[in-house]
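Student: If you're matching them up, the sequences are chains A and B in order. Mind the numbering: the first sequence is residues 1 to 368 in this note's numbering, read in order. Mind the numbering: the second sequence is residues 369 to 736 in this note's numbering, read in order. Here's a structure for you.
There are 2 protein chains.
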Amino acid sequence: MNTEYEEKYIETKYLTLDKKIELDCGKSLENITVAYETYGNLNEKGDNAILVLHALTGDAHAAGYHKGDKKPGWWDNMIGSGKAFDTDKYFVICSNILGGCKGTTGPCSINSQTGKEWALDFPIITIEDTVKVQKALIDALNIKKIIVAGGSMGGMQAIEWSISYPEYVKKTILIATAPRLSAQNIAFNAVARNAILSDKNFNNGNYYGKESPEKGLAIARMIGHITYLSEDAMHNKFARKLQNKSKLDFDFNVEFQVESYLEHQGQIFVDRFDANSYLYISRACDYFDIAQKNGSLENAFSKTNSEFLVICFSSDWLFPPSQSQEIVNALMKTGKDVSFLQIESPAGHDAFLLEFEAQTKVIKSFLI
Amino acid sequence: MNTEYEEKYIETKYLTLDKKIELDCGKSLENITVAYETYGNLNEKGDNAILVLHALTGDAHAAGYHKGDKKPGWWDNMIGSGKAFDTDKYFVICSNILGGCKGTTGPCSINSQTGKEWALDFPIITIEDTVKVQKALIDALNIKKIIVAGGSMGGMQAIEWSISYPEYVKKTILIATAPRLSAQNIAFNAVARNAILSDKNFNNGNYYGKESPEKGLAIARMIGHITYLSEDAMHNKFARKLQNKSKLDFDFNVEFQVESYLEHQGQIFVDRFDANSYLYISRACDYFDIAQKNGSLENAFSKTNSEFLVICFSSDWLFPPSQSQEIVNALMKTGKDVSFLQIESPAGHDAFLLEFEAQTKVIKSFLI
Numbered sequence: 001m002n003t004e005y006e007e008k009y010i011e012t013k014y015l016t017l018d019k020k021i022e023l024d025c026g027k028s029l030e031n032i033t034v035a036y037e038t039y040g041n042l043n044e045k046g047d048n049a050i051l052v053l054h055a056l057t058g059d060a061h062a063a064g065y066h067k068g069d070k071k072p073g074w075w076d077n078m079i080g081s082g083k084a085f086d087t088d089k090y091f092v093i094c095s096n097i098l099g100g101c102k103g104t105t106g107p108c109s110i111n112s113q114t115g116k117e118w119a120l121d122f123p124i125i126t127i128e129d130t131v132k133v134q135k136a137l138i139d140a141l142n143i144k145k146i147i148v149a150g151g152s153m154g155g156m157q158a159i160e161w162s163i164s165y166p167e168y169v170k171k172t173i174l175i176a177t178a179p180r181l182s183a184q185n186i187a188f189n190a191v192a193r194n195a196i197l198s199d200k201n202f203n204n205g206n207y208y209g210k211e212s213p214e215k216g217l218a219i220a221r222m223i224g225h226i227t228y229l230s231e232d233a234m235h236n237k238f239a240r241k242l243q244n245k246s247k248l249d250f251d252f253n254v255e256f257q258v259e260s261y262l263e264h265q266g267q268i269f270v271d272r273f274d275a276n277s278y279l280y281i282s283r284a285c286d287y288f289d290i291a292q293k294n295g296s297l298e299n300a301f302s303k304t305n306s307e308f309l310v311i312c313f314s315s316d317w318l319f320p321p322s323q324s325q326e327i328v329n330a331l332m333k334t335g336k337d338v339s340f341l342q343i344e345s346p347a348g349h350d351a352f353l354l355e356f357e358a359q360t361k362v363i364k365s366f367l368i
Numbered sequence: 369m370n371t372e373y374e375e376k377y378i379e380t381k382y383l384t385l386d387k388k389i390e391l392d393c394g395k396s397l398e399n400i401t402v403a404y405e406t407y408g409n410l411n412e413k414g415d416n417a418i419l420v421l422h423a424l425t426g427d428a429h430a431a432g433y434h435k436g437d438k439k440p441g442w443w444d445n446m447i448g449s450g451k452a453f454d455t456d457k458y459f460v461i462c463s464n465i466l467g468g469c470k471g472t473t474g475p476c477s478i479n480s481q482t483g484k485e486w487a488l489d490f491p492i493i494t495i496e497d498t499v500k501v502q503k504a505l506i507d508a509l510n511i512k513k514i515i516v517a518g519g520s521m522g523g524m525q526a527i528e529w530s531i532s533y534p535e536y537v538k539k540t541i542l543i544a545t546a547p548r549l550s551a552q553n554i555a556f557n558a559v560a561r562n563a564i565l566s567d568k569n570f571n572n573g574n575y576y577g578k579e580s581p582e583k584g585l586a587i588a589r590m591i592g593h594i595t596y597l598s599e600d601a602m603h604n605k606f607a608r609k610l611q612n613k614s615k616l617d618f619d620f621n622v623e624f625q626v627e628s629y630l631e632h633q634g635q636i637f638v639d640r641f642d643a644n645s646y647l648y649i650s651r652a653c654d655y656f657d658i659a660q661k662n663g664s665l666e667n668a669f670s671k672t673n674s675e676f677l678v679i680c681f682s683s684d685w686l687f688p689p690s691q692s693q694e695i696v697n698a699l700m701k702t703g704k705d706v707s708f709l710q711i712e713s714p715a716g717h718d719a720f721l722l723e724f725e726a727q728t729k730v731i732k733s734f735l736i
């Protein structure tokens, strides 16, 4: 267990926004609750904050231990005393995304107008909408200047922060991300959503208190996990090894270790995630396209006043290095200050959660 | 319409084997019916035959037109007068695989012992088993020497032919194939099968005459189609273009063209394919591993007396060029005669069905 938090457990905090949030879809949401955690202390000027932005299925619990937990938050190896996001110097914040299922208002929250869960009556959200909610949280916390950092979908949110709030964002750290999903990315999301929507328990999203669409959600997660690992990583981890047997059983149960791994990932995921949230958040990712919205990537980035650090991983085929390079090229064309690092890693997209030593080194230099 | 077949329609023929086939799983099958088609004429010596082997969801109808059909067989641009597999010189045969749903005995066939469809009582099959059935067909047709050719799973069968029947196989053409599925390949198959097995209509495989597991099978197909196209091909074909609209609807229906494409592919597939066959044939692919079975790839290929032509495609990430290179290296180490061509193509795995000009050229040279 991480000694830093041995005596001091982390608790998730909740803030209900008094501001109505106008959404890209044309609807609006009131009384949004935001679940968030903070690590370290905000200075008097309110300018030492780092907003850490989570990926598709992440949550506000980025670091430290909740009471009774055996595992720390999802980016604990990056956030803490002396770490990449050094809590001795910085006030680190992480909030659950709008549409999520980990404390922030989402489809599994109660719609006060009906007294029931929103389900599919929840308005469709965009990455831009989620950032608006984060901005309201940051304002409520009296933060005046901010550094934003995120991997994968978290990186998309960081991009959006940098161009929507240029007066706030000093530095932006983009990890294993892209300025838009590719056709292949959208295709994987479409199949994952299709699996959820086709589940016999989906019931048009109204499954709360009943059997939930666990099989569909597990399939969505299995597809996700294939894309998070590189082919090499999968080979190194599993190759064609059999699962607890020396010869084939000749049936449709688990024969190979990789099948067991995927089934396990699917199973543990359905215990912690809401299928409707998966629909909404993956859809928000599909929609994100700052070049389309602003005419070009250069136009988009011309709005920012931030310095940038862009990190990608050699074997990431979900958000490949070429997409990070595209961001870097556009930033350079608009005269922005940008550092770029491609980390050689066999871990695929998951590298942003695993390769913390290389990331720590470069992030520390960037934050000086 | 292809003039060659304007006046002469192709018909699928059927042969019921009088031989019992012993299967790798330990069970056996009797009275197997094989659906097959032939193009061109067998010579007197019975040595001008080419056995064309189909991929996962293919069938015996490789070339020409069935009466009333608007589209020809799946490899029509490769089989015919003057084509790569020249029916003026060769007697070309294609049969539906054991376990299939296009005329050859499979899980949707009637089990004579029960009078009902086999469903999941059908024995588990392997690539080796399917080749045994093909061998029985070839014997029944009085063929003495053979050339085998196949792409993807068809290539796996061609490999198996070359090492199991060295006295028969003169030449072997392997296209976009591999000596085994990778962990990532198995993972995709596992998710596809999971979608079928999870469908509310699956009913342990006993869905014949009732609603079939169409949604699960469509999801399996959608996953397949993502892997058949390269990321570049998907980008060139769809990018992020919207489907018949100029702005987003903000919902979970089809927004992007790539979503529409996948849904369409899923829909047309369920009309032509049986979900149980998908389970059996994809599992057979999982199991195929000649290196594991023979101790090494070199040991496996040391058994063959065939000449080889190995073709792969630069953007194929399902069966990437490195796997073809591995086959070539093993063949060279065992002193076999092997030609190798990597075709530069953006089409991904589908290239073996599309890049017929480049393939025709090299196959014609190889067959001289």
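Ideal Cβ placement from N, Cα and C applies to all residues, glycine included.
Could you pull out every residue in the same chain whose Cβ sits closer than 7 Å to the Cβ of A:Phe188, ignoring the five residues on either side in sequence?
Tutor: Taking the first residue of the first sequence as 1, we reach residue 188 of chain A at position 188. Result list for A:Phe188: Ile223 and Thr227, in chain order.
Student: Would A:Tyr278 be called buried (16 or more neighbouring beta carbons within 10 Å of its own) or exposed?
Tutor: Along the first sequence, one-based indexing puts residue 278 of chain A at 278. It counts as buried.
Student: Can you name the residues of chain A whose CB is closer than 8 Å to the CB of B:Glu627?
Tutor: Taking the first residue of the second sequence as position 1, residue 627 of chain B is located at position 259. Residues of chain A passing the Cβ test: Ile186, Ala187 and Ala190.
Student: Whose CA, out of B:Asn479, B:Leu549 and B:Gly483, lies closest to the CA of B:Arg651?
Tutor: Within the second sequence, numbered from 1, the residue matching residue 651 of chain B stands at position 283. Cα-wise, what sits closest to B:Arg651 is B:Leu549.
Student: So, under 8 Å CB-CB, A:Lys89 and A:Asn48 are touching, yes? Tell me the CB distance rounded to an integer number of Å.
Tutor: Position 89 of the first sequence, counted from the start, is the residue given in the question as residue 89 of chain A. Position 48 of the first sequence, counted from the start, is the residue given in the question as residue 48 of chain A. About 7 Å separates the two Cβ atoms, so the contact holds.
Student: Restricting to Cα atoms, I'd like to know which of B:Ala668, B:Pro689 and B:Phe681 is closest to B:Gly703.
Tutor: Along the second sequence, read from residue 1 onward, the residue named residue 703 of chain B stands at position 335. Here the closest residue by C-alpha is B:Ala668.
Student: Could you pull out every residue in the same chain whose Cβ sits closer than 6 Å to the Cβ of B:Ala601, ignoring the five residues on either side in sequence?
Tutor: Reading the second sequence from its first residue, position 233 is the one you call residue 601 of chain B. For B:Ala601, where only same-chain residues beyond five positions count, the Cβ hits under 6 Å are Pro714, Ala715 and Gly716.
Student: Pick out whichever of B:Thr540, B:Gly468, B:Asp427 and B:Glu582 has its Cα sitting closest to the Cα of B:Glu631.
Tutor: Looking up residue 631 of chain B in the second sequence gives position 263. Looking at the Cα atoms, B:Glu582 is the closest of the given residues.
Student: From the DSSP secondary-structure annotation, give me the bridge partner or partners of A:Ser95.
Tutor: By 1-based counting over the first sequence, the position of residue 95 of chain A is 95. Paired residue(s): A:Tyr36.
Student: What residues in its chain sit with their C-beta under 8 Å from that of B:Phe734, if we drop five residues either side in the sequence?
Tutor: As a working note, residue 734 of chain B is residue 366 in the second sequence. Result list for B:Phe734: Lys539, Ile541, Glu675, Leu677 and Ser707, in chain order.
Student: Answer yes or no: do A:Ile146 and A:Ile138 have a C-beta to C-beta separation smaller than 8 Å?
Tutor: Here the question's residue 146 of chain A lines up with position 146 in the first sequence. Here the question's residue 138 of chain A lines up with position 138 in the first sequence. Yes.
Student: Quick one: list the residues of chain A neighbouring B:Cys393, beta-carbon separation under 7 Å, in chain order.
Tutor: Here residue 393 of chain B refers to the residue found at position 25 when the second sequence is read from its first residue. Chain A residues near B:Cys393: Phe250.
Student: Taking one C-beta from the stretch 88-104 of chain A and one from the stretch 124-140 of chain A each time, how about it: are there three or more such pairs within less than 8 Å?
Tutor: As far as the Cβ criterion goes, the stretch 88-104 of chain A touches the stretch 124-140 of chain A, which means the pair count is three or higher.
Student: Suppose only complete runs of 4+ residues qualify. What are the alpha helix (DSSP H) ranges in the stretch 265-322 of chain A, listed by chain order?
Tutor: Segments of the alpha helix (DSSP H) lying fully in the stretch 265-322 of chain A: 275-287, 290-294 and 297-301.
Student: Can you find a CB in chain B that lies within less than 8 Å of the CB of A:Ala178?
Tutor: In the first sequence, counting from the first residue as 1, residue 178 of chain A sits at position 178. Judged by the 8 Å Cβ criterion, A:Ala178 is not in contact with chain B.
Student: Beta carbon of A:Phe352, beta carbon of A:Phe313: below 8 Å?
Tutor: Your numbering for residue 352 of chain A matches position 352 in the first sequence. Your numbering for residue 313 of chain A matches position 313 in the first sequence. Contact flag set, yes.
Student: Taking CB distances under 8 Å as the criterion, tell me whether B:Lys568 reaches chain A.
Tutor: Taking the second sequence and counting its residues from 1, the one referred to as residue 568 of chain B is at position 200. It does: the Cβ of B:Lys568 has a partner Cβ on chain A nearer than 8 Å.
Student: Counting Cβ pairs, one atom from each stretch, are 3 or more of them under 8 Å apart for the stretch 443-455 of chain B and the stretch 391-410 of chain B?
Tutor: Yes: at least three Cβ pairs fall under 8 Å.
Student: A:Ser182 CB to nearest chain B CB: under 8 Å?
Tutor: What you label residue 182 of chain A is simply residue 182 of the first sequence in a count that begins at 1. Closer than 8 Å: yes.
Student: For A:Glu231, go through chain B and note every residue whose CB falls closer than 7 Å to its CB, in chain order.
Tutor: One-based indexing of the first sequence puts residue 231 of chain A at position 231. Ordered by position in chain B, the residues that pass the 7 Å Cβ test against A:Glu231 are Ser550 and Gln552.
Student: 8 Å is my cut-off, CB to CB: does A:Glu235 come that close to chain B?
Tutor: As a first step, residue 235 of chain A must be located in the first sequence, where it is residue number 235. One point to set straight first is that residue 235 of chain A is His, not Glu, in the sequence displayed. A:His235 counts as touching chain B.
Student: Classify B:Ile711 as buried or exposed, calling it buried when 16 or more other Cβ atoms lie within 10 Å of its own Cβ.
Tutor: Against the second sequence, residue 711 of chain B aligns to sequence position 343. Buried, by the Cβ-count rule.
Student: Spell out whether any CB of chain B is found under 8 Å from the CB atom of A:Lys247.
Tutor: As a position in the first sequence, residue 247 of chain A is number 247, starting the count at 1. Closer than 8 Å: no.
Student: Would you kindly work out how many angstroms separate the C-alpha atoms of A:Tyr36 and A:Leu141, rounded to a whole number?
Tutor: Translated into the one-based positions of the first sequence, residue 36 of chain A becomes position 36. Translated into the one-based positions of the first sequence, residue 141 of chain A becomes position 141. Cα-Cα distance, rounded: 11 Å.
Student: Drop a sphere of 10 angstroms on the beta-carbon of B:Ile478, count the other beta-carbons inside from all chains shown, and report buried for 16 or more, exposed for fewer.
Tutor: In the second sequence, residue 478 of chain B corresponds to position 110, counting from 1. Exposed: under 16 other Cβ atoms inside 10 Å.
Student: I need the DSSP call for A:Lys135, collapsed to helix, strand or coil.
Tutor: As a working mapping, residue 135 of chain A is identified with position 135 in the first sequence. Looking at A:Lys135 - three-state DSSP - the assignment turns out to be helix.
Student: Express the C-alpha separation of A:Lys237 and B:Ser580 in angstroms, rounding to a whole number.
Tutor: In the second sequence, the residue the question calls residue 580 of chain B occupies position 212. In the first sequence, the residue the question calls residue 237 of chain A occupies position 237. Approximately 36 Å, taken between the alpha carbons.
Student: Could you tell me which of B:Gly518, B:Phe490 and B:His603 sits nearest to B:Asp394, measuring between CA atoms?
Tutor: Along the second sequence, one-based indexing puts residue 394 of chain B at 26. As written in the sequence, residue 394 of chain B is Gly, which differs from the Asp given in the question. Measuring from the Cα of B:Gly394, the nearest candidate turns out to be B:Phe490.
Student: Ignoring anything shorter than 3 residues or poking outside the stretch 527-603 of chain B, list the beta strand (DSSP E) runs there in chain order.
Tutor: List check, beta strand (DSSP E) in window: 537-543.
Student: When you compare the CB positions of B:Leu488 and B:Asn562, do they come within less than 8 Å of one another, or not?
Tutor: Here residue 488 of chain B is taken as the residue at index 120 of the second sequence, counted from 1. Here residue 562 of chain B is taken as the residue at index 194 of the second sequence, counted from 1. No, the pair does not count as a contact, with Cβ atoms beyond the cut-off.
Student: Along chain A, which residues have their Cβ under 8 Å away from the Cβ of B:Leu565?
Tutor: Here residue 565 of chain B corresponds to residue number 197 of the second sequence, with the count starting at 1. Residues of chain A passing the Cβ test: Phe252.
Student: Considering only residues of the same chain and omitting the five flanking positions on each side of A:Thr3, which have a CB-CB separation below 7 Å?
Tutor: For the purposes of this step, residue 3 of chain A is identified with residue 3 of the first sequence, where counting begins at 1. Reliability fails at A:Thr3, whose pLDDT of 48 lies under 50, so the model's placement of it is uncertain and the value that follows must be treated cautiously. Taken in chain order, the list of residues that qualify is empty.
Student: Between the alpha carbons of B:Lys729 and B:Lys701, how many angstroms are there, rounded?
Tutor: Within the second sequence, the letter at position 361 stands for residue 729 of chain B. Within the second sequence, the letter at position 333 stands for residue 701 of chain B. In a straight line, the C-alpha of B:Lys729 is about 26 Å away from that of B:Lys701.
Student: Are the C-beta atoms of B:Asn562 and some chain A residue less than 8 Å apart?
Tutor: Start at 1 with the first residue of the second sequence, and residue 562 of chain B comes out as number 194. For B:Asn562, the answer is yes, since a Cβ of chain A falls inside 8 Å of its Cβ.
Student: Just confirm the distance between the C-beta atoms of A:Ile32 and A:Thr105, as a whole number of angstroms; I'd bet it's less than 8 Å.
Tutor: Stepping through the first sequence from its first residue, residue 32 of chain A is reached at position 32. Stepping through the first sequence from its first residue, residue 105 of chain A is reached at position 105. Correct: roughly 5 Å between the Cβ atoms.
Student: Anything in chain B within Cβ reach of A:Lys215, meaning under 7 Å, just list it in chain order.
Tutor: Stepping through the first sequence from its first residue, residue 215 of chain A is reached at position 215. What A:Lys215 touches in chain B: Ser566.
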